[in-house]
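Read through the structure below, which is laid out as structure tokens, and then see the notes.
2 protein chains.
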Amino acid sequence: MINEESKSQLKQVVGEERFFDDPEEILSFSYDAFILTSEPDVVIYPITTEEVSGIMKIADRENIPVTCRGSGTNISAASLPVKKGIALCFTKMNRVIEVNTQDRYVIVEPGLINGELQKVLAQEGFFYPPDPGSINVSTIGGNIAQNAGGPRCLKYGVTSDYVLAMEVVLVSGKIVRVGSRNVKDVTGYKLSSLFCGSEGTLGIVTEATLRVVSIAESHRTILATYDDLEDTANTVADIIGSGILPAAMELMDKTVINVVADASGMSLPREAAGMLLIEIDGVEEAVEKEMNRIAEKARDNGARDVTVAHTQKESDDLWAARRLAYGAFARLAPNCIVEDVTVPVSNVPKMIKATREIADRYKLHLGILAHAGDGNMHPLIAHDPNDKDELKRIEQAAKEIFETGVSLGGTLSGEHGIGLAKAEFLPLVMNQDTLDLMADIKKTLDPKGILNPGKFV
Amino acid sequence: MINEESKSQLKQVVGEERFFDDPEEILSFSYDAFILTSEPDVVIYPITTEEVSGIMKIADRENIPVTCRGSGTNISAASLPVKKGIALCFTKMNRVIEVNTQDRYVIVEPGLINGELQKVLAQEGFFYPPDPGSINVSTIGGNIAQNAGGPRCLKYGVTSDYVLAMEVVLVSGKIVRVGSRNVKDVTGYKLSSLFCGSEGTLGIVTEATLRVVSIAESHRTILATYDDLEDTANTVADIIGSGILPAAMELMDKTVINVVADASGMSLPREAAGMLLIEIDGVEEAVEKEMNRIAEKARDNGARDVTVAHTQKESDDLWAARRLAYGAFARLAPNCIVEDVTVPVSNVPKMIKATREIADRYKLHLGILAHAGDGNMHPLIAHDPNDKDELKRIEQAAKEIFETGVSLGGTLSGEHGIGLAKAEFLPLVMNQDTLDLMADIKKTLDPKGILNPGKFV
């Protein structure tokens, strides 16, 4: 509960028009893309760093929980205000402050949609590599909080590889700046990496300087289809193990192929057991050469068909179809869970086999989608949340999937984060001393525990 | 001072043969590559994590300073035991534990020499990108502590981009493991990046899992020479600004060219005002194409000569000559300081001009060497440390160089770190609240301040 006096002070900071405590607004901030719900007490839309600082001074003094949020696409409940308090929504603080392609960086506000940044950069022949599935909806601030990945992170790396500097409002309302515009910078602790992926539990990013990359002169999309899912997985391990690094390498099993074919209307190989969608980029001649090597590896591993997109449109359509997978799968049942286990790529075949076996044993409607080149598996599980027995089976299966992934040298989450959804499983990947160290750091930056409370730390 | 009882306990942890408190050993650990000296009380060579843990338990209980060290090549005094205590030397804890090229990682102990790791990897067709000037001498542990860079970090990134996981002994002797073998891993705070570059002030890395990269099929070295240093610098800004990303792009001014020519015996263009040494790697056809583009840019910017190394040996010789620069320059006078300011690449021309002007004004024997492609400038200053007036002038000039770099959007250090040498200048790049935040984190991980005390935090 926030008392009236504090509400009035918060209103003074941002003005009446960006402060809400009416039931409609509250309700629309009571969920993200995870299955739980929890209402905040108030919703505030800041547009300046000073406003965020002013809000934090009041929250700190009054012990009010603060949960930051962009577009709320998070699927680990990281943006859910489970302890109520303030939902701090950054969607109105969304400017592009500077585009500097000569020095290869941009400066942006946290509420900027990733896809909007891409449009601005594309005009200059540049792009920002992290491309989560939610690219056209999710914000840079949310991407930073979750250390977002995406298909092309296989070649280009994840969000933390691109954050050069940040302005951060601490829980006290103090404003710090970490990092610089320089790719090489070893002046003190690398705090930008600490905030990146901290899921809003350590501080509030109010500005980010991001490294950008020039768009390659040539792109090619390859589609390889298989009669055997194991062959599909073996191709992935073989290509990566041989030192070839495509921009992206996505795997879909039969279930996902068919769901995507239905949703997109594209003629995809419905009867195939597995499919790889591979993107290569670079200098034209290099792309041509790598394409041939990849096609050869695919055939060596039993692909029955390897085709190359002939036009940019055909390629764009294939990637657009891939992006439909989650949404399309989610329409099969009232709800859909996307898991996010990552394993070393040589264990992708074993992980896929184990996942299928677990799904069959628990009788789940599970499809396998994966950023396979970096071992990042996204099993999709369509289900009815009102079916308690099914939920119970999903819970058991997820636990087995996590344990299997970890036993194969993998980890709990490749890009979706821990949030609330996976907090209980953290001991699978770190010992108590490591958990204590995270808790100590949390306590140092947020002594009262008001920043996104109730989550993994 | 360490009391006899503690000494005896420390000896029990590692055995008599890896514990030293005799004057000869003490003396040889009283300096690194910076100009100051300070003797430790004892020198210990651990070979297991458990030994490091055992040592830290004693040090923590008895409040004994612990300064870690590899080969002692640090030039910011980061490995100098300024508060005495234990010099913990890792050169005997230097195994390669696992090489896994299929999953693109290696697991190593901290005392392994970077160059030794490169040899092992080269046999498999792989390499570990960070290549500091000290590559054949410095250890992976030291590289991690300083977040080392090097020429090819222009294309490939610095040490923190390659540390996937670490085992770290905390000040209490507790052992934590952070990160995993997976490139994509968002399970809690990214602690590996916090330890990386912390200069031994937060914990002791006892094992590291490093990402490795396959060696490109083709490499080419280009040499461009200029009659005007400004044209040299403009070429750098032009190439990078146009989106081309060579593996390395090194700049030398006339002073450095001549020193390197003398030391290497190679026929370098002694009368040139500036020289660029550029490495391109990738698929053969792409390298050929980029080489032509780079040569064109160089000529457009006034290069009087652009040549390509014809053989691998010629290329190797050029890079070996480049590696001689620091050592050769250091032989010009009793001592040599290497500065390490980094600026956004578009400001490289301005920074070089300003540096030359400052050097002339203070009558310094200064040569300019730079990892120019990422704006990382290394002015070399040969001097006599017994000449107090000269030292005073160097101090003033260095301050002006730092201030100029920062005013051009740059930072204090690109790869050498802060240590003791630059601690006083940190307020140039961060406000008091940011400094306080670093101090808070230090206090959380090292409450008594015994890990590498007396340094930047």
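Residue numbers (my numbering), protein chains in the order written: chain H, 1 to 457; chain C, 1001 to 1457.
Even glycine gets a Cβ: it sits at the ideal position worked out from N, Cα and C.
Bear in mind the structure is a predicted one, so any value in this text is a computation, not a measurement.
message = Between the alpha carbons of valine 158 (chain H) and asparagine 114 (chain H), how many angstroms are there, rounded?
response = Residue 158 (chain H) sits at position 158 when you count from the first residue of the first sequence. Residue 114 (chain H) sits at position 114 when you count from the first residue of the first sequence. Going from the Cα of valine 158 (chain H) to the Cα of asparagine 114 (chain H) covers about 13 Å.
ask   = Nearest to asparagine 63 (chain H) by alpha carbon, out of H:Lys455, H:Ile450, H:Arg69 and H:Phe456?
value = Numbered from 1 along the first sequence, position 63 holds the residue referred to as residue 63 (chain H). For the residues H:Lys455, H:Ile450, H:Arg69 and H:Phe456, the minimum Cα distance to asparagine 63 (chain H) belongs to H:Ile450.
message = Give me the chain C residues within the contact set of lysine 286 (chain H), using Cβ-Cβ distance strictly less than 9 Å, ordered along the chain.
response = Position 286 of the first sequence, counting from 1, holds the residue named residue 286 (chain H). Rather than lysine, the amino acid found at residue 286 (chain H) in this sequence is alanine. Near alanine 286 (chain H) (Cβ distances below 9 Å), the residues of chain C are Gly1282, Val1283, Glu1284, Glu1285, Ala1286, Val1287 and Lys1289.
task = Just mark lysine 1184 (chain C) as buried or exposed, buried being the case when its beta carbon has 16 or more other beta carbons within 10 Å.
result = In the second sequence, the residue the question calls residue 1184 (chain C) occupies position 184. Answer is buried; the Cβ neighbour count reaches 16.
message = Since phenylalanine 126 (chain H) and threonine 101 (chain H) should fall inside the 8 Å C-beta cutoff, what is the C-beta to C-beta distance between them, to a whole number of angstroms?
response = Position 126 of the first sequence holds residue 126 (chain H). Position 101 of the first sequence holds residue 101 (chain H). Going by Cβ atoms, the distance from phenylalanine 126 (chain H) to threonine 101 (chain H) rounds to 5 Å, so yes, they are a contact pair.
request  = Kindly list, in the order they appear in chain C, the residues whose Cβ is closer than 8 Å to that of cysteine 336 (chain H).
outcome  = The residue you call residue 336 (chain H) lines up with position 336 of the first sequence. Simply none; closest approach about 21 Å.
request  = Taking a Cβ distance cut-off of 9 Å, strictly less, list which residues of the stretch 307 to 320 of chain H are near chain C, in chain order.
outcome  = none
message = Assess contact between the stretch 1191 to 1205 of chain C and the stretch 1160 to 1169 of chain C, defined as three or more Cβ pairs (one per stretch) separated by less than 8 Å. Is contact present?
response = yes
Chain C contact for arginine 270 (chain H) (CB, 8 Å cutoff) = As a working mapping, residue 270 (chain H) is identified with position 270 in the first sequence. It does not; no Cβ of chain C falls within 8 Å.
ask   = Given a threshold of 16 other Cβ atoms within 10 Å of its Cβ, counted over all protein chains shown, does asparagine 94 (chain H) qualify as buried or as exposed?
value = Indexing the first sequence from 1 puts residue 94 (chain H) at position 94. Under this definition asparagine 94 (chain H) is a buried residue.
message = For isoleucine 1386 (chain C) and threonine 1037 (chain C), what's the separation of their Cα atoms in angstroms?
response = Position 386 of the second sequence, counting from 1, holds the residue named residue 1386 (chain C). Position 37 of the second sequence, counting from 1, holds the residue named residue 1037 (chain C). The amino acid occupying residue 1386 (chain C) in the given sequence is asparagine; isoleucine does not appear at that position. When rounded, the distance between both Cα atoms is 15 Å.
inquiry  = What would DSSP say about asparagine 1234 (chain C), mapped onto helix, strand or coil?
reply    = Numbered from 1 along the second sequence, position 234 holds the residue referred to as residue 1234 (chain C). In this structure, asparagine 1234 (chain C) counts as helix in the three-state DSSP scheme.
request  = Starting from glutamate 1415 (chain C), find everything on chain H with Cβ-Cβ shorter than 8 Å and list it in chain order.
outcome  = Against the second sequence, residue 1415 (chain C) aligns to sequence position 415. The contacting residues are Lys184 and Val186.
query = So which residues of chain C does aspartate 146 (chain H) contact, with C-beta pairs closer than 9 Å?
reply = The residue labelled residue 146 (chain H) in the question sits at position 146 within the first sequence. A quick correction: the sequence has glutamine, not aspartate, at residue 146 (chain H). What glutamine 146 (chain H) touches in chain C: Val1186.
query = Using the beta-carbon of each residue, which ones in chain C are nearer than 8 Å to methionine 56 (chain H)?
reply = Here residue 56 (chain H) refers to the residue found at position 56 of the first sequence. Neighbours of methionine 56 (chain H) on chain C: none; closest Cβ ~13 Å, over 8 Å.
query = With burial defined as no fewer than 16 other Cβ atoms inside 10 Å of the residue's Cβ, what is the status of glycine 1282 (chain C): buried or exposed?
reply = Numbered from its first residue, the second sequence carries residue 1282 (chain C) at position 282. Per the 10 Å Cβ criterion, buried.
query = Between which two residues does the beta strand (DSSP E) harbouring alanine 165 (chain H) extend?
reply = Counting from 1 along the first sequence, the entry for residue 165 (chain H) is found at position 165. Unbroken beta strand (DSSP E) run through alanine 165 (chain H): 163 to 169.
inquiry  = Assuming leucine 1276 (chain C) is part of the beta strand (DSSP E), what are its boundary residues?
reply    = Taking the second sequence and counting its residues from 1, the one referred to as residue 1276 (chain C) is at position 276. It spans 1274 to 1282 - the beta strand (DSSP E) in which leucine 1276 (chain C) sits, taken as one unbroken run.
ask   = For aspartate 22 (chain H), does the count of other Cβ atoms within 10 angstroms reach 16, so buried, or fall short, so exposed?
value = Stepping through the first sequence from its first residue, residue 22 (chain H) is reached at position 22. Classification of aspartate 22 (chain H): exposed, given that the 10 Å Cβ count is below 16.
request  = Give me the Cα-Cα distance between isoleucine 294 (chain H) and alanine 370 (chain H), rounded to the nearest whole angstrom.
outcome  = Residue mapping note: residue 294 (chain H) aligns to position 294 of the first sequence, counting from 1. Residue mapping note: residue 370 (chain H) aligns to position 370 of the first sequence, counting from 1. Going from the Cα of isoleucine 294 (chain H) to the Cα of alanine 370 (chain H) covers about 18 Å.
ask   = aspartate 305 (chain H) to alanine 224 (chain H), Cα distance in whole Å?
value = The residue labelled residue 305 (chain H) in the question sits at position 305 within the first sequence. The residue labelled residue 224 (chain H) in the question sits at position 224 within the first sequence. Looking at the two C-alpha atoms, the distance is approximately 6 Å.
query = Is there a Cβ from chain C that is less than 8 Å from the Cβ of proline 427 (chain H)?
reply = In the first sequence, counting from the first residue as 1, residue 427 (chain H) sits at position 427. Output row for proline 427 (chain H): interface = no.
message = Do isoleucine 1044 (chain C) and leucine 1112 (chain C) count as a contact pair if the criterion is CB distance below 8 Å?
response = For the purposes of this step, residue 1112 (chain C) is taken as residue 112 along the second sequence, with counting starting at 1. For the purposes of this step, residue 1044 (chain C) is taken as residue 44 along the second sequence, with counting starting at 1. Going by C-beta atoms, leucine 1112 (chain C) is not nearer than 8 Å to isoleucine 1044 (chain C).
ask   = Closer than 8 Å, CB to CB, is glutamine 1009 (chain C) near chain H or not?
value = What you label residue 1009 (chain C) is simply residue 9 of the second sequence in a count that begins at 1. Output row for glutamine 1009 (chain C): interface = no.
ask   = Which class does glutamate 1051 (chain C) belong to by DSSP, given the choice of helix, strand or coil?
value = Counting from one through the second sequence, the residue named residue 1051 (chain C) turns up at place 51. If DSSP states are grouped into helix, strand and coil, glutamate 1051 (chain C) belongs with the helices.
query = So is glutamine 102 (chain H) in contact with chain C if we call contact Cβ pairs under 8 Å?
reply = What you label residue 102 (chain H) is simply residue 102 of the first sequence in a count that begins at 1. True, the Cβ-Cβ gap to chain C drops below 8 Å.
key: Opening and closing residue of the beta strand (DSSP E) in which cysteine 1153 (chain C) lies   = As a working note, residue 1153 (chain C) is residue 153 in the second sequence. Looking at the DSSP string, cysteine 1153 (chain C) is not in any beta strand (DSSP E); the run it does join, the alpha helix (DSSP H), is 1153 to 1156.
ask   = If you draw a straight line from the alpha carbon of valine 1052 (chain C) to that of alanine 1421 (chain C), how long is it in whole angstroms?
value = Locating residue 1052 (chain C) in the second sequence gives position 52, counting from the first residue. Locating residue 1421 (chain C) in the second sequence gives position 421, counting from the first residue. About 27 Å.
request  = Could you name the residues of chain C that cysteine 196 (chain H) contacts, counting a contact when the two beta carbons are closer than 7 Å?
outcome  = Within the first sequence, the letter at position 196 stands for residue 196 (chain H). Correct list: Lys1190.
Glycine 179 (chain H): first and last residue of the uninterrupted beta strand (DSSP E) it sits in = As a first step, residue 179 (chain H) must be located in the first sequence, where it is residue number 179. Counting along the chain, the beta strand (DSSP E) containing glycine 179 (chain H) begins and ends at 175 to 179.
query = Listing by chain order, which chain C residues have their CB less than 7 Å from the CB of phenylalanine 456 (chain H)?
reply = Against the first sequence, residue 456 (chain H) aligns to sequence position 456. What phenylalanine 456 (chain H) touches in chain C: Gly1188.
Minimum C-alpha distance to lysine 7 (chain H) - residue among H:Pro130, H:Thr49, H:Thr48 and H:Ala59 = What you label residue 7 (chain H) is simply residue 7 of the first sequence in a count that begins at 1. Selected option, being the one with the closest Cα: H:Ala59.
ask   = Taking 8 Å as the CB-CB cut-off, is isoleucine 1418 (chain C) touching chain H?
value = Within the second sequence, residue 1418 (chain C) is the residue found at index 418, counting from 1. Yes, isoleucine 1418 (chain C) counts as interfacial toward chain H.
request  = Label alanine 1321 (chain C) either buried or exposed according to how many other C-beta atoms from any shown protein chain fall within 10 Å of its C-beta, with 16 as the threshold for buried.
outcome  = On the second sequence, position 321 is the one that residue 1321 (chain C) refers to. Alanine 1321 (chain C) is buried by the Cβ-count criterion.
Near-chain H residues of the stretch 1240 to 1268 of chain C (beta-carbon distance less than 7 Å), N- to C-terminal order = Gly1241 and Gly1243
Uninterrupted alpha helix (DSSP H) stretches inside the stretch 1374 to 1431 of chain C (no shorter than 4 residues) = 1388 to 1407
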